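Trainee:
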Amino acid sequence: MFPTSMATSIRNTKMLLRRAFSIKRNEILARNLCFTRTLNANEDQDKSKKVVEEKKNKAELKEAKQKEAKAKLNMLLESMSKTTQKAYPSESKLSLATPKIRAKPAKPVKQPVFNTKIEPEMLQAVEDVSNMLSKEKEALKNSLIAKLEDVADESERARLEPFKPNKQKTEDLNSLLNTLKVDGKKPKNKSPAPKLAPVKIEDIYSAQPSGIFSKAHFIEESSAVSGLATWDMLYEKELELAVTHPPANGFQQMIQWTKQGKVWQFPIDNEQGLDEEAQVGFHEHVFLEPHLKPWCPRRGPVRHFMELVVVGLSKNPYLTVEQKKEHINWFRDFFEAKRSILIDTGAIPDITTKSSPSLST
Amino acid sequence: MTNAVKLNQPVRNNWTDWRMMKDNRRRKLLVQYAPDRVRAKALKKNDVLPAEIIEIGTKMLAEIPRDASLTRVRNRCAITSRPRGVVTRWRLSRIVWRSLADYNKLSGVQRAMW
Numbered sequence: 017m018f019p020t021s022m023a024t025s026i027r028n029t030k031m032l033l034r035r036a037f038s039i040k041r042n043e044i045l046a047r048n049l050c051f052t053r054t055l056n057a058n059e060d061q062d063k064s065k066k067v068v069e070e071k072k073n074k075a076e077l078k079e080a081k082q083k084e085a086k087a088k089l090n091m092l093l094e095s096m097s098k099t100t101q102k103a104y105p106s107e108s109k110l111s112l113a114t115p116k117i118r119a120k121p122a123k124p125v126k127q128p129v130f131n132t133k134i135e136p137e138m139l140q141a142v143e144d145v146s147n148m149l150s151k152e153k154e155a156l157k158n159s160l161i162a163k164l165e166d167v168a169d170e171s172e173r174a175r176l177e178p179f180k181p182n183k184q185k186t187e188d189l190n191s192l193l194n195t196l197k198v199d200g201k202k203p204k205n206k207s208p209a210p211k212l213a214p215v216k217i218e219d220i221y222s223a224q225p226s227g228i229f230s231k232a233h234f235i236e237e238s239s240a241v242s243g244l245a246t247w248d249m250l251y252e253k254e255l256e257l258a259v260t261h262p263p264a265n266g267f268q269q270m271i272q273w274t275k276q277g278k279v280w281q282f283p284i285d286n287e288q289g290l291d292e293e294a295q296v297g298f299h300e301h302v303f304l305e306p307h308l309k310p311w312c313p314r315r316g317p318v319r320h321f322m323e324l325v326v327v328g329l330s331k332n333p334y335l336t337v338e339q340k341k342e343h344i345n346w347f348r349d350f351f352e353a354k355r356s357i358l359i360d361t362g363a364i365p366d367i368t369t370k371s372s373p374s375l376s377t
Numbered sequence: 291m292t293n294a295v296k297l298n299q300p301v302r303n304n305w306t307d308w309r310m311m312k313d314n315r316r317r318k319l320l321v322q323y324a325p326d327r328v329r330a331k332a333l334k335k336n337d338v339l340p341a342e343i344i345e346i347g348t349k350m351l352a353e354i355p356r357d358a359s360l361t362r363v364r365n366r367c368a369i370t371s372r373p374r375g376v377v378t379r380w381r382l383s384r385i386v387w388r389s390l391a392d393y394n395k396l397s398g399v400q401r402a403m404w
């Protein structure tokens with residue numbers, strides 16, 4: 017361990033001081049460490065007081081030592097300041113490169129005023145005006161600047177405060193505008209507008225129509241056919257939804273269906289809903305020969321074919337009577353259309369002398 | 291299975307897939323052309339009428355669109371559009387049918403046990 021005494025040669029004071037101080041600190045730290053370890057080790061409450069006392073003493077000692085060290089350090093530093101000049105000259109003796117010193121061009125004197133309220137352009141304008149107009153440049157400049165500042169202040173205040181129309185000011189403004197109107201410039205000689213002869217109308221409805229628009233073809237505006245078909249459809253859907261109230265849940269759905277009669281009634285009847293069909297008798301379904309009677313020939317391939325058709329229809333429970341009639345009529349029309357072919361092939365006997373238009377003989 | 295068809299996604303149609311849509315289109319055409327088809331077929335498939343009429347019948351049948359044919363219609367599952375394994379009475383594929391039956395949504399359907 018180094019000696020803790022500070023009395024050493026001047027050359028090594030710095031180093032030693034540093035080292036000593038650091039050692040001092042380390043000593044103190046080490047001591048504290050050990051102390052804290054002991055503190056942690058002693059967890060008994062009886063010894064705690066003693067430990068606290070010891071700790072206090074140690075703290076005091078530490079402070080005292082620190083103060084001592086500081087005082088000595090100060091002394092040494094003072095002594096050093098005189099010697100360092102001699103030991104370490106500030107100017108170096110080496111010939112190093114130095115930058116060239118160029119004479120800077122003389123710049124014009126800028127505006128000294130940096131007025132925050134007024135813009136620099138305004139200031140420049142004020143300067144120019146004051147220079148040009150009067151001899152008392154400064155006074156004029158100051159007055160102008162003061163006025164501008166006032167204006168700026170007022171505008172700021174007005175901006176911050178809510179606007180309240182000032183009656184006096186509006187009156188002034190109105191009067192000003194009126195004066196302007198009165199003192200308006202007279203228009204220069206323009207070509208006067210072509211003046212028509214004044215129309216003398218005595219009675220509006222008695223005059224003859226002029227007939228200007230008799231041959232006019234007014235282009236009809238193309239009916240607004242929007243190309244947005246989907247949008248239109250959706251709009252209509254939305255309208256429907258707004259009016260109707262679709263069921264919100266299954267119960268409401270069942271209620272709706274029951275009211276509409278869509279729900280099966282118990283005991284199950286297979287012909288539920290087919291009330292109209294129940295009224296039609298079976299004879300209308302089965303006996304379809306009367307439908308052939310007016311037009312179909314009594315013999316021949318056509319009759320044969322139509323009889324087969326009728327037999328098939330009579331056995332069909334899925335078509336209504338109307339549908340069956342339509343079926344037969346379709347064949348009648350078809351054979352009527354192909355009459356020439358039938359005659360050519362010999363299916364229908366050739367009856368040119370007969371007056372009746374039907375196919376039957 | 292109230293959310294079988296997703297209604298909150300951006301779609302052009304609400305069919306499960308395009309095949310289902312086409313099948314639906316075929317069914318509609320079938321209904322539309324059914325009478326014409328029956329009559330044309332009757333004219334074609336008979337040996338009673340003269341040959342010219344039968345020829346006309348064949349032409350009429352050929353004019354009708356192919357999708358109006360009954361043979362082109364496929365009984366698909368109404369939810370998944372599965373072409374095979376469809377339980378006819380419910381129009382559902384066997385998988386969907388099973389899942390619904392397990393959740394007690396099919397009236398009178400019960401797990402078999404004997």
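Chains as they are written, first to last, in my numbering: chain Z, 17 to 377; chain U, 291 to 404. Backbone N, C-alpha and C define an ideal beta-carbon position, used for all residues, glycine too. Model, not experiment: these values are computed from the prediction.
1. Mind checking the region 316-329 of chain Z against chain U and listing, in chain order, the residues whose C-beta falls within less than 9 Å of any C-beta there?
2. Please classify residue 330 of chain U: is it buried, with 16 or more other beta-carbons within 10 angstroms of its beta-carbon, or exposed?
3. Grouping DSSP H, G and I as helix and E and B as strand, with all else coil, what is residue 325 of chain Z?
4. Contact criterion: CB-CB distance below 9 Å. Does residue 354 of chain Z meet it with respect to chain U?
5. Is DSSP giving residue 339 of chain U helix, strand or coil here?
6. Alpha helix (DSSP H) containing residue 320 of chain U: first to last residue?
7. Suppose the cutoff is 7 Å on Cβ atoms and the five residues either side in sequence are ignored; what does the same chain contact list for residue 295 of chain Z look like?
8. Does any CB atom of chain Z fall closer than 9 Å to the CB of residue 260 of chain U?
9. State yes or no: is the C-beta of residue 316 of chain U within less than 9 Å of the C-beta of residue 352 of chain U?
10. Spell out the partners DSSP gives residue 383 of chain U in its beta bridges.
11. Does chain U have any CB closer than 9 Å to the CB of residue 301 of chain Z?
12. In angstroms, rounded to a whole number, what distance separates the CA positions of residue 251 of chain Z and residue 371 of chain U?
13. Give the residues of chain U in contact with residue 245 of chain Z, contact being defined as C-beta atoms less than 9 Å apart.
14. Verify the CB distance criterion: does residue 370 of chain Z have a CB-CB separation below 9 Å to chain U?
15. How would you call residue 298 of chain Z, buried or exposed, if buried means at least 16 neighbouring beta carbons within 10 angstroms?
16. Would you verify that the beta carbon of residue 358 of chain Z is, or is not, closer than 9 Å to some beta carbon of chain U?
17. Which of helix, strand or coil does DSSP assign to residue 285 of chain Z?
18. Pull up the CB-CB distance for residue 338 of chain U and residue 320 of chain Z, whole angstroms please, since I reckon it's below 8 Å.
19. Residue 385 of chain U touches chain Z at which residues, Cβ-Cβ below 8 Å?
20. DSSP state of residue 401 of chain U, grouped into three classes?
21. Whole-angstrom Cβ separation of residue 157 of chain Z and residue 142 of chain Z, contact assumed at under 8 Å?
22. Consult DSSP for residue 303 of chain Z and reduce its assignment to one of helix, strand or coil.
23. Taking residue 334 of chain Z as the reference, which of Z/307, Z/306, Z/293 and Z/324 has the closest Cα?
24. Just to confirm, is the Cβ distance from residue 337 of chain Z to residue 287 of chain Z under 9 Å?
25. Write down the C-beta distance between residue 317 of chain Z and residue 363 of chain Z rounded to the nearest angstrom, noting that I regard them as a contact closer than 8 Å.
Mentor: The structure says:
1. So the close ones are 317, 318, 320, 321, 324, 325 and 328.
2. Locating residue 330 of chain U in the second sequence gives position 40, where the first residue counts as 1. Classification for residue 330 of chain U: buried.
3. For this step, residue 325 of chain Z is matched to residue 309 along the first sequence. Here residue 325 of chain Z carries a helix assignment [DSSP, helix/strand/coil].
4. Here the question's residue 354 of chain Z lines up with position 338 in the first sequence. Under the 9 Å criterion on CB atoms, residue 354 of chain Z is classed as interfacial with respect to chain U.
5. What you label residue 339 of chain U is simply residue 49 of the second sequence in a count that begins at 1. Assignment of residue 339 of chain U by DSSP, reduced to helix, strand and coil, places it in the coil class.
6. Position 30 of the second sequence, counting from 1, holds the residue named residue 320 of chain U. Start and end: 308-334.
7. Taking the first residue of the first sequence as position 1, residue 295 of chain Z is located at position 279. Nothing meets the Cβ criterion.
8. Here chain U has residues from 291 to 404 only, and residue 260 of chain U is not among them.
9. As a position in the second sequence, residue 316 of chain U is number 26, starting the count at 1. As a position in the second sequence, residue 352 of chain U is number 62, starting the count at 1. No, these two residues do not count as a Cβ contact at 9 Å.
10. Numbered from its first residue, the second sequence carries residue 383 of chain U at position 93. Partner(s): U/376.
11. Position 285 of the first sequence, counted from the first residue, corresponds to residue 301 of chain Z. It does not: the Cβ of residue 301 of chain Z has no partner Cβ on chain U nearer than 9 Å.
12. Your numbering for residue 251 of chain Z matches position 235 in the first sequence. Your numbering for residue 371 of chain U matches position 81 in the second sequence. C-alpha separation (whole angstroms): 31 Å.
13. Translated into the one-based positions of the first sequence, residue 245 of chain Z becomes position 229. Correct list: empty, because the minimum Cβ distance to chain U is about 14 Å.
14. Counted from its first residue, the first sequence places residue 370 of chain Z at position 354. Interpretation of residue 370 of chain Z is limited by its pLDDT of 48, a score under 50 that renders its predicted location unreliable; the figure taken from the coordinates is listed afterwards. The C-beta of residue 370 of chain Z comes no closer than 9 Å to any C-beta of chain U.
15. Along the first sequence, one-based indexing puts residue 298 of chain Z at 282. Residue burial annotation: residue 298 of chain Z is exposed, with fewer than 16 other C-beta atoms found within 10 angstroms of its C-beta.
16. Taking the first sequence and counting its residues from 1, the one referred to as residue 358 of chain Z is at position 342. With 9 Å as the cut-off, residue 358 of chain Z counts as an interface residue toward chain U.
17. Your numbering for residue 285 of chain Z matches position 269 in the first sequence. Note: residue 285 of chain Z maps to coil in three-state DSSP.
18. Numbered from 1 along the second sequence, position 48 holds the residue referred to as residue 338 of chain U. Numbered from 1 along the first sequence, position 304 holds the residue referred to as residue 320 of chain Z. By a beta-carbon distance limit of 8 Å, residue 338 of chain U contacts residue 320 of chain Z. Their separation comes to about 5 Å.
19. Numbered from its first residue, the second sequence carries residue 385 of chain U at position 95. Residues of chain Z whose Cβ lies closer than 8 Å to the Cβ of residue 385 of chain U do not exist, since the nearest Cβ in that chain is about 24 Å away.
20. In the second sequence, residue 401 of chain U corresponds to position 111, counting from 1. The answer is coil: DSSP assigns residue 401 of chain U none of H, G, I, E or B.
21. By 1-based counting over the first sequence, the position of residue 157 of chain Z is 141. By 1-based counting over the first sequence, the position of residue 142 of chain Z is 126. That belief holds up - the Cβ atoms of residue 157 of chain Z and residue 142 of chain Z are roughly 6 Å apart, short of 8 Å.
22. In the first sequence, the residue the question calls residue 303 of chain Z occupies position 287. Coil at residue 303 of chain Z, not helix or strand.
23. The residue labelled residue 334 of chain Z in the question sits at position 318 within the first sequence. In terms of CA proximity to residue 334 of chain Z, Z/293 leads the group Z/307, Z/306, Z/293 and Z/324.
24. Counting from 1 along the first sequence, the entry for residue 337 of chain Z is found at position 321. Counting from 1 along the first sequence, the entry for residue 287 of chain Z is found at position 271. No, Cβ-Cβ distance for residue 337 of chain Z and residue 287 of chain Z is not below 9 Å.
25. If you number the first sequence from 1, residue 317 of chain Z lands on position 301. If you number the first sequence from 1, residue 363 of chain Z lands on position 347. Yes, residue 317 of chain Z and residue 363 of chain Z are in contact; Cβ-Cβ is about 5 Å, under 8 Å.
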